[in-house]
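Asker:
There are 2 protein chains.
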Amino acid sequence: MDRNGLQRTFGIVVRGVREQRQLSQEELADLAGLHRTYISLLERGQRNPSLDVMSRIAAALDTTPSAILLAVEKNGGKRS
Amino acid sequence: MDRNGLQRTFGIVVRGVREQRQLSQEELADLAGLHRTYISLLERGQRNPSLDVMSRIAAALDTTPSAILLAVEKNGGKRS
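Residue numbers (this note's numbering), protein chains in the order written: chain A, 1 to 80; chain B, 81 to 160.
1) Go ahead and label A/Q22 buried or exposed: buried means 16 or more other beta carbons lie within 10 angstroms of its beta carbon, across all protein chains shown.
2) Can you pull the chain A residues whose beta carbon is under 9 Å from the beta carbon of B/D132, in chain order?
3) Work out the CA separation of A/E19 and B/G91 for me, nearest whole Å.
4) Does the pairing of the segment 127–141 of chain B with the segment 36–51 of chain A give three or more beta-carbon distances under 8 Å?
5) Which residues bound the alpha helix (DSSP H) around A/P65?
6) Starting from the C-beta of A/T63, find all residues in its chain whose C-beta is less than 7 Å away, skip the five residues before and the five after it, and write them out in chain order.
7) What are the residues that DSSP puts in a beta bridge with B/S120?
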């Protein structure tokens with residue numbers, strides 16, 4: 001998966017978990033200490049999140065960074 | 081784990097896997113398309129790597145980003 005494909009899949013996975021949790025983008029942003037605009041761009045695959053951001057988002061979604069990345073890998077395979 | 085603890089643990093895990101693979105920092109840098117100085121700072125917990133960088137490093141180490149983060153979480157627990 002190239003960088004853009006990876007970012008897109010990451011965004012799709014985050015959106016899916018957020019919706020499972022019945023959180024709005026704004027609620028997730030507040031819980032993670034990020035801006036709602038950042039969450040919106042991230043979910044559309046337009047951000048390359050850092051380890052720190054992944055950790056904040058995972059904690060806010062009551063999951064772990066590794067679980068999110070495992071779902072990303074299952075939805076798109078390893079970076080080739 | 082706070083941000084610095086997370087970065088430190090990430091660096092320790094990457095160094096451990098790199099040494100298992102018997103790669104130098106320079107060899108890992110070349111395989112991942114990164115600078116040796118970046119690898120050095122990362123392994124010392126002084127960089128907050130992006131999804132793209134994690135993916136490059138994981139591919140160079142013949143592993144996955146989720147496996148690296150799982151090891152990070154096991155070595156330090158979730159961000160609190």
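All C-beta atoms in this analysis are idealised placements derived from N, C-alpha and C, irrespective of residue type, glycine included.
Answerer: By the coordinates alone:
1) For the purposes of this step, residue 22 of chain A is taken as the residue at position 22 of the first sequence. Answer is exposed; the Cβ neighbour count stays below 16.
2) Along the second sequence, one-based indexing puts residue 132 of chain B at 52. Chain A residues near B/D132: R3, L6, Q7, N48 and R79.
3) As a first step, residue 91 of chain B must be located in the second sequence, where it is residue number 11. As a first step, residue 19 of chain A must be located in the first sequence, where it is residue number 19. One C-alpha to the other measures close to 32 Å.
4) yes
5) The count along the first sequence starts at 1 and reaches residue 65 of chain A at position 65. Unbroken alpha helix (DSSP H) run through A/P65: P65 to G76.
6) Your numbering for residue 63 of chain A matches position 63 in the first sequence. For A/T63, same chain residues with a beta-carbon under 7 Å away, outside a window of 5 residues either side, are V17 in chain order.
7) Numbered from 1 along the second sequence, position 40 holds the residue referred to as residue 120 of chain B. Bridge partners of B/S120: none, in fact.
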